[in-house]
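**Q**
2 protein chains.
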Amino acid sequence: MDKANRYPAARLAEACQTRLVGAGALPDDAAQTVRAMMHASQLGTDSHGVRLIGYYVDMLENGGVNKRPRRQFSPTAPATGRLDADFGLAHGASYEAMDHAVSLARECGIGAVTVHHSTHYGAGGAYALAAAEQGFVSLVLSNSDPAVALSGGRAPFHGTNPIAMGAPVRDRRPWLLDMATSSIPFNRVKLYRSLGLPLPPEVALNEEGHLTLDATQARFLQPLGGMAYGHKGAALAGMVTILSAVLSGADPDPIMTSTAAAQEGHKPQNVGHIMVAFDPTRFIGQESFEAGMRDYLDMLRASPAAEPGVPVCAPGDKEWEEADLRAELGIPVDPDTERLLGLA
Amino acid sequence: MDKANRYPAARLAEACQTRLVGAGALPDDAAQTVRAMMHASQLGTDSHGVRLIGYYVDMLENGGVNKRPRRQFSPTAPATGRLDADFGLAHGASYEAMDHAVSLARECGIGAVTVHHSTHYGAGGAYALAAAEQGFVSLVLSNSDPAVALSGGRAPFHGTNPIAMGAPVRDRRPWLLDMATSSIPFNRVKLYRSLGLPLPPEVALNEEGHLTLDATQARFLQPLGGMAYGHKGAALAGMVTILSAVLSGADPDPIMTSTAAAQEGHKPQNVGHIMVAFDPTRFIGQESFEAGMRDYLDMLRASPAAEPGVPVCAPGDKEWEEADLRAELGIPVDPDTERLLGLA
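In structure tokens form, the structure reads like this:
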């Protein structure tokens, strides 16, 4: 993205909103999708940023998502609820589910809301951050279509099943984690393809289920931990599947409609998410928690680095740094997305 | 352990109970410690099984744990609570906290209880299983003393910070995960030392913070993900620290008293745990959840293996198989522990 043109966030958001509404999205739904994409674009996670506009437009135009979803939230107990996203764009449903989880946590100390009949929600960190900005510790999980082998397997089984989490920090921006449970995301494979470079070892498999370094031959991914410790990555992916899909009643990863089939409108996916919010007030206390986070992070950043000049960092550190840079310089947009947004 | 003598579970449990009470533990506390150790020994996790009796006896005799703890549970909201373990043996406190989390989840759909002023709780899977056996999905996290480098770091920072989780499965034993967020536990380093074998690559560091294959030189561990993806393992360790220690008010890992110092009685640790229970009844429903788990696991076990004859498996599969074997053949006990228990 080094040579890409840069745009101010507001202009980019407006162009995305126009494009989504043009493709048939309800304005309110489109606004939440834009909010989630802009979160990723602002923090430098371009794989989940405005680059996804083409994918969402295809889904809207081809019937991969429901343009007129009737979302339904059902409280199920004092601290829990379920949200039926009715196969619409997932972002509005996800923000809504996290809002409910935060409200439930305000009353009960913790709140959990599952989402079913959902679609691709982009970067889970967007929803984790929404809770952290209100002072809550949040956990956000989603399953996805099969793209990652089991440990010792030779076929895709789990999705990349990301784990996102946020936590407020006194006088600082939140601690923010958003990671796939594979070593690398499939977008990285595409990047290596376009650069003509070999892949790192033990991250991807070919059609026959053998490890490959050839990005053009890579079809799916190894779980985090590689050949020796991939059982741990696969177990974490299973944790995500159980909490986001089995518990919610969404499709478990191995039988989920592929992203490509949904994009072409053959059949919508039935993705599941779970949003959990913890109220620090009901544990050690809000101020103590936020101060404790600051102290923990101060210790972390002071921990000695293996390479002088490459300090250790916490989840979110690089992203917030990039956000500052992009606030000043604008957000880089690749040429395809520029065209699609009518910016070029 | 191939040549070790084997003992029936009941006889081993009785010997452990006698030894702990002999070292000054209250009979009820000792019984819960025995229950947790027997969980690990029965499932084949010998590192956290009865082998730990020597460590707990030292802690009791040297003052590393409080022999007469006054545990105090404080409800803090309809779905949450805190448990002050008063520096006693951690197992009774952990089972009690999970019991409270399950009770809270029965009322509220989800329940979360943190534990502070606690000590080494052994295998987190023991408490996760206790909830799963009652039909709940459970998440159990604990921090521990510094033993794992940060990604790009050259000093121990996080503990091995395990993640445990349980989920009930229709007509089967629960799905059960219990994994450290480092690639290997430090006990594995000791095993390689005793066998005179080189370590696997990228799992351990020496005194100077450089990677080493020499088990005698290894002082601390790399996070899950090795050199290239260790930022993910370190982030997961941080997730555990935040939820179990910062939220509970326990000591964060980098300032926690070392296990060795606690064992010698210099100062007790202030370990933190968190127990979360989800009631499937309040989500997709108990029967649907348990059937969904069975279907998910059937698909998983039917997924093709890379090596014929080495089928893929789910967390807990190998452990339950070993439990069947040990129920028949008895539990192997190493010579040191045999002596300590007066069995030899």
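Going down the list, the protein sequences come from chains G and Z.
Residue numbers 1 to 344, in the working numbering, belong to the letters of the first sequence in order.
Residue numbers 1 to 344, in the working numbering, belong to the letters of the second sequence in order.
Cβ coordinates follow ideal geometry from the N, Cα and C atoms, glycine included.
1) From this set, V34(G), R19(G), A40(G), P223(G), which residue's C-alpha is nearest R326(G)'s C-alpha?
2) Shortest alpha-carbon distance to D317(G) belongs to which of I331(G), L297(G), G309(G), A306(G)?
3) Using a Cβ-Cβ distance cut-off of 8 Å, determine whether F289(Z) contacts chain G.
4) Can you pull the chain Z neighbours of G64(G), defined as C-beta to C-beta under 9 Å?
5) Buried or exposed for G49(G), going by 16 or more other Cβ atoms inside 10 Å?
6) If I'm right that S248(G) touches R19(G) with Cβ under 8 Å, what's the distance once you round it to whole angstroms?
7) Let me know if E96(Z) comes out buried or exposed under the rule of 16 or more other beta-carbons within 10 Å of its beta-carbon.
8) Can you have a look at G347(Z) and say buried or exposed, based on whether 16 or more other CB atoms are within 10 angstroms of its CB?
9) By the 7 Å beta-carbon criterion, what residues does the stretch 62-93 of chain Z contribute toward chain G?
10) Taking a contact to mean a Cβ-Cβ separation below 8 Å, would you say T114(Z) touches G272(Z) in this structure?
11) Check whether the Cβ atoms of A250(Z) and S118(Z) sit closer than 8 Å, and answer yes or no.
12) For T18(G), list the residues DSSP reports as bridge partners.
13) Are the C-beta of P252(G) and some C-beta of chain Z separated by less than 8 Å?
14) State the Cα-Cα distance for the pair Q72(G) and I163(G), rounded to the nearest angstrom.
15) Can you tell me whether V7(Z) is helix, strand or coil according to DSSP?
16) The beta strand (DSSP E) that contains Q72(Z), what's its start and end?
17) Tell me, to the nearest whole angstrom, how far the beta carbon of I331(Z) is from that of Y7(Z); I am working on the premise that it is less than 8 Å.
18) Take the Cβ of D253(Z) as the centre, count every other Cβ of all protein chains shown within 10 Å, and call the residue buried at 16 or more, exposed below.
19) With a threshold of 8 Å between beta-carbons, can C16(Z) be considered close to chain G, or not?
20) Let me see if you follow: with CB-CB separation under 8 Å, is S258(Z) close to chain G or not?
21) For Y229(G), decide whether its Cβ has a neighbour in chain Z, counting only Cβ atoms nearer than 8 Å.
22) When DSSP builds the beta bridges, which residues end up paired with N206(Z)?
23) Can you tell me which of the three DSSP states G125(Z) falls into?
24) If I'm right that M256(G) touches D171(G) with Cβ under 8 Å, what's the distance once you round it to whole angstroms?
25) With 8 Å set as the bound, which would you pick, yes or no: does the beta-carbon of M275(G) sit closer than that to a beta-carbon of chain Z?
26) Please go through the same chain and pick out, in chain order, the residues whose beta-carbon is closer than 8 Å to the beta-carbon of I284(Z), but skip the five residues on each side of it.
27) Kindly give me the distance between the Cβ atoms of A305(Z) and R339(G), rounded to whole angstroms, as I take these residues to be in contact under 8 Å.
28) Can you have a look at P27(Z) and say buried or exposed, based on whether 16 or more other CB atoms are within 10 angstroms of its CB?
29) Any beta carbon of chain Z sitting closer than 8 Å to that of K190(G)?
30) Could you check which residue in D336(Z), C108(Z), R219(Z) has the C-alpha nearest to that of V203(Z)?
31) Any C-beta of chain Z sitting closer than 8 Å to the C-beta of W320(G)?
32) Which full runs of the beta strand (DSSP E) of 3+ residues lie inside the stretch 144-174 of chain Z, going along the chain?
33) Determine which residues of the stretch 158-177 of chain G have a Cβ less than 8 Å from any Cβ of chain Z, and write them out in chain order.
34) What are the residues that DSSP puts in a beta bridge with T212(G)?
35) For T364(G), count the other beta carbons within 10 Å of its own beta carbon; 16 or more makes it buried, fewer makes it exposed. Which is it?
36) Return helix, strand or coil for L224(G), following the three-state DSSP convention.
**A** For this structure:
1) Minimum Cα distance to R326(G) is reached at A40(G).
2) Ranking the options by Cα distance to D317(G), first place goes to L297(G).
3) Answer yes: the Cβ-Cβ gap between F289(Z) and chain G drops below 8 Å somewhere.
4) Those do not exist, as G64(G) stays about 24 Å from chain Z at its closest Cβ, beyond 9 Å.
5) Label assigned to G49(G): buried.
6) Actually they are not in contact, since the Cβ atoms of S248(G) and R19(G) sit about 30 Å apart, beyond 8 Å.
7) With a 10 Å radius around the Cβ and a threshold of 16 neighbouring Cβ atoms, E96(Z) comes out buried.
8) Outside the modelled stretch of chain Z, which goes from 1 to 344, sits residue 347(Z), for which no answer is possible.
9) Residues passing the 7 Å Cβ filter: T76, A77, P78, A79, T80, R82.
10) Contact flag set, yes.
11) Yes, the pair counts as a contact, with Cβ atoms nearer than the cut-off.
12) Residue pairing of T18(G) in beta bridges, as defined by DSSP: absent, with no partner found.
13) Closer than 8 Å: yes.
14) If you take the alpha carbons of Q72(G) and I163(G), they lie about 25 Å apart.
15) The sequence shown places Tyr at residue 7(Z), rather than the Val named in the question. Residue state, collapsed to three classes: strand.
16) In the DSSP assignment, Q72(Z) falls within the beta strand (DSSP E) that extends over 72-77.
17) Confirmed, Cβ separation roughly 6 Å.
18) Within 10 angstroms of the beta-carbon of D253(Z) lie 16 or more other beta-carbons, which makes it buried.
19) With 8 Å as the cut-off, C16(Z) does not count as an interface residue toward chain G.
20) By this cut-off, S258(Z) is not an interface position.
21) The C-beta of Y229(G) comes closer than 8 Å to at least one C-beta of chain Z.
22) The beta-bridge partner set that DSSP reports for N206(Z) consists of A218(Z).
23) Shown here, G125(Z) sits in a helix according to DSSP, grouped into three states.
24) Between D171(G) and M256(G) the Cβ distance is about 42 Å, and since that is not below 8 Å, they are no contact.
25) No, because no Cβ of chain Z sits closer than 8 Å to the Cβ of M275(G).
26) Excluding positions up to five away in sequence, the list reads G292.
27) No, A305(Z) and R339(G) are not in contact; Cβ-Cβ is about 45 Å, not under 8 Å.
28) Classification for P27(Z): exposed.
29) False, the Cβ-Cβ gap to chain Z never drops below 8 Å.
30) Shortest Cα-Cα distance from V203(Z) to any of D336(Z), C108(Z), R219(Z) involves R219(Z).
31) No, W320(G) does not count as interfacial toward chain Z.
32) Runs of the beta strand (DSSP E) lying entirely within the stretch 144-174 of chain Z, each at least 3 residues long, are 156-158, 163-169 in chain order.
33) Listed in sequence order: I163, M165, A167, W175, L177.
34) For T212(G), no pairing in a beta bridge is given by DSSP.
35) No answer is possible for residue 364(G): it lies beyond the span of chain G, which begins at 1 and ends at 344.
36) Reduced to three states, the DSSP call for L224(G) is coil.
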